[in-house]
Amino acid sequence: MTPNELLYAKTHEWTKVDSATKVATIGVTAFAVEALTDLVYIELPAVGKKVKAGEPFGEIESVKAVSDLYSPVTGEVIEVNGALAGDLGVLNEDPYTKGWMIKVRLTDEAPLGKLMSAADYEKQCSEEGH
Amino acid sequence: MTTELARTPLHDWHVAHGGRMVDFAGWSMPVQYTSIVSEHQATRTHCGLFDISHMGRLRFDGPGAVPFLDRLVTRRVTDMTPGRIRYGLVVNEQGGVLDDVLTYRLQDAGGGDYYCLVVNAGNRQKILDWLAPRLAEARDVTMTDVTRNWAMIAVQGPQALELVRPVLEIDPAALKYYTGRETRIAGHGGVVSRTGYTGEDGVELMLGANKAAEVWERLIAVGGVACGLGCRDTLRLEAAMPLYGHELTESIDPYTADLGFAVDLEGREFTGRDALRRLSGQPSARTRVGLTLSGKRVPREHFPVTKDGAAVGEITSGTFSPTLDTPIAMAYVDRACAALDTKLMVDIRGRAEPARVVKLPFYRRQK
């Protein structure tokens, strides 16, 4: 269910780091998508935007509520998944590949050390009462 | 700090069927089972079932019930014929709304009259506290809080009457809108009324708590879709029905809320009448309006409404309308900004989004 090759933030974002290019791909987990349900709107940053680990990079809105999307990494946005806004259903179907949100060129790798493995993240989710 | 949440007679069913349980006014209630949008659409196109057993149900007996209730609610009770149900308000001496309520005049099998008040779950204790000193002084009326003895199920949608017909002794289509009566529900004693909170046709059933699961299961078996409080909110908002705690509070009067129809001022005495008479004579500073937004960001409760940079109002409820596929909201705005088609802005977390005043309700069913 939760891909092993990714890193996870407490706030339910996943990160895939390409160690050669120092580029991180970021999205939200299936757990988060299921908790949100009925997504209506997503706002993602523009290319060139600086993001900082632990700070919001966008927002996602459901019928019931809005949630901030928190960046798990620090760096500069180099690519944005522009197709997502037009088809939020992708987040339900494929949150870990087609549902990616932004790619960030890392300027500081230290925050990666705070991210969780898939096993630890699953443990957190079960504690949150799935 | 953690207090045990109250459970309806259908609580176990909700949990067993994937209900996402939340604390609603001290009750453990399902916000949704599948998704808010799919449950919303099931109610608009077919038939939704809602456990509304958390609503407060108060029964009044005795020859003093009519004068007692007539002094309590803003709507006249003295001329209600058997079976009539009226929407009204309980207001304080200043005319602030304590609750919005339905008053039922019912008859038991022997033809004896009694009355019911259905109050909001979150206001039940407040209303009981409001009633206690008044009951102590009243003559020939007894009040019984039957909330926990009775369950309440709303059956709502274009197929609702057809779906519920087999479990009722009477034909629900024979009931006029806002009337109700005692009947047998799956063979058990209960009350059926042609009422609801979704903007659809349908009925609400009151029945013994220990019979609720049986009736609920029968309605599920014939195609009723279990619906949570999430879509109850989106449905009532599309239908522009006020929700206590949002459009109604103790600092809102009935005229500001555009509920003047629910106030009968003439020829009667009730708590708050003098204040309401004064308020009725002048236009309120603000009034309740509907807004639609052209973007996708959703206005939520308490967001400021502005015009030319100046604050002119506040959102009371907002959602993304599944039927209209656009964000909608109700708001209180200055009367000068309340005309249809007025262009306003809503401050959505620091960014102004364009909005337009539209006619309420947002959704009206085809009859």
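Heads up: the protein sequence lines correspond to chains Y and U, in order.
Per the working numbering, the first sequence starts with residue -15, numbered consecutively.
Per the working numbering, the second sequence starts with residue 209, numbered consecutively.
Think of the CB as a built atom: it goes at the ideal place given N, C-alpha and C, for glycine as much as any other residue.
Source: prediction; values computed, not measured.
Counting only C-beta atoms, is Y:Trp(-2) closer than 8 Å to chain U at any point?
no
Closer than 8 Å, CB to CB, is Y:Lys111 near chain U or not?
For clarity, residue 111 of chain Y is Glu in the given sequence; the question names Lys instead. Under the Cβ criterion of 8 Å, Y:Glu111 is not counted among the residues facing chain U.
Would you please verify whether the beta carbon of U:Phe511 is less than 8 Å from any beta carbon of chain Y?
The Cβ of U:Phe511 sits no closer than 8 Å to any Cβ of chain Y.
By alpha-carbon positions, which one of U:Asp337, U:Gln490, U:Asp316, U:Thr527 ends up nearest to Y:Tyr25?
When only C-alpha atoms are compared, the closest one is U:Thr527.
Beta-carbon neighbours of U:Gln249, restricted to chain Y and to distances below 9 Å
Per Cβ cutoff of 9 Å: no residues; U:Gln249 is ~11 Å from chain Y at best.
Once DSSP output is grouped into helix, strand and coil, what is the label at U:Asp533?
coil
Same chain, Cβ closer than 6 Å to Y:Thr9, neighbours up to 5 away in sequence not counted
Lys0, Trp84, Lys87
Less than 8 Å between the beta carbons of U:Val349 and U:Gly270, yes or no?
Contact: yes.
Indicate whether at least one CB of chain U lies closer than 8 Å to the CB of Y:Thr21.
yes
Contacting positions in the segment 3 to 37 of chain Y - beta carbon closer than 8 Å to chain U:
Thr21, Asp22, Val24, Tyr25, Glu27
Name the DSSP bridge partner or partners of U:Arg283?
U:Arg283 pairs with nothing; no bridge assigned.
Name, going along the chain, the residues of the segment 487 to 513 of chain U whose beta-carbon falls closer than 9 Å to a beta-carbon of chain Y.
Gly503, Lys504, Arg505, Val506, Arg508
Can you say whether U:Arg252 is buried or exposed, counting buried as having 16 or more other CB atoms within 10 angstroms of its CB?
buried
Which of helix, strand or coil does DSSP assign to Y:Trp(-2)?
strand
Can you tell me where the alpha helix (DSSP H) holding Y:Glu63 begins and where it ends?
In the DSSP assignment, Y:Glu63 falls outside any alpha helix (DSSP H) and within the unbroken beta strand (DSSP E) covering 58 to 64.
Please list the terminal residues of the continuous beta strand (DSSP E) segment that includes U:Cys324.
321 to 327
Under the three-state DSSP convention, the category U:Gln333 falls into:
Looking at U:Gln333 - three-state DSSP - the assignment turns out to be helix.
Among residues of its own chain, excluding the 5 on either side of U:Ala329, which ones have a beta-carbon nearer than 8 Å to its beta-carbon?
Correct list, in chain order: Phe232, Ala233, Gly234, Trp235, His262, Met263, Gly264.
Compare the C-beta of U:Thr576 against all C-beta atoms of chain Y and say whether one is closer than 8 Å.
Since the first and last residues shown for chain U are 209 and 575, residue 576 of chain U lies out of range.
Check U:Asp482 in the structure and name its three-state DSSP category.
Helix, per DSSP.
List the residues of chain U whose Cβ lies closer than 9 Å to the Cβ of Y:Val50, in chain order.
Result: Arg505, Val506, Arg508, Ile556, Arg557.
Range covered by the alpha helix (DSSP H) that runs through Y:Tyr105:
102 to 111
DSSP on U:Gln315, reduced to helix/strand/coil?
strand
Measure from the alpha carbon of U:Gln240 to the alpha carbon of each residue in U:Met229, U:Val471, U:Gly303, then state which is nearest.
U:Met229
Is it the case that the Cβ atoms of U:Leu314 and U:Cys324 are separated by a distance below 8 Å?
yes
Strand pairing of Y:Gly42, partner residues [DSSP]:
Y:Leu53
Nearest-angstrom Cα separation, counted from Y:Tyr80 out to Y:Gly97:
21 Å
Which chain Y residues are close to U:Val223, counting only those with a beta carbon under 7 Å from its beta carbon?
Per Cβ cutoff of 7 Å: no residues; U:Val223 is ~12 Å from chain Y at best.
According to DSSP, residues forming a beta bridge with U:Gly453
Answer by DSSP bridge pairing: none, since U:Gly453 is not bridged.
In chain Y, what lies closer than 8 Å to U:Ile378 by C-beta?
Those within 8 Å of U:Ile378 in chain Y number zero; the least Cβ separation is about 37 Å.
Who are the Cβ neighbours of U:Gly227 in its own chain at under 7 Å, not counting the five residues just before and after it?
Pro238, Tyr241, Gly436
Check whether chain B comes within 8 Å of Y:Glu(-11), counting only Cβ atoms and requiring the distance to be less than that.
The chain inventory of the structure shown lacks chain B, comprising the protein chains Y and U.
Thinking just about the alpha-carbon of each residue, which of U:Ser459, U:Arg392, U:Lys504 is nearest to the one in U:Arg373?
U:Arg392
So for Y:Asp22, helix, strand or coil by DSSP?
coil
What does DSSP give as the partner residues of U:Ala576 in its beta bridges?
Look at the range of chain U in this structure, 209 to 575, and you will see that residue 576 of chain U is not part of it.
Just curious, the alpha helix (DSSP H) that U:His396 is in, first and last residue?
Element bounds for U:His396: not the alpha helix (DSSP H) but the beta strand (DSSP E), 396 to 401.
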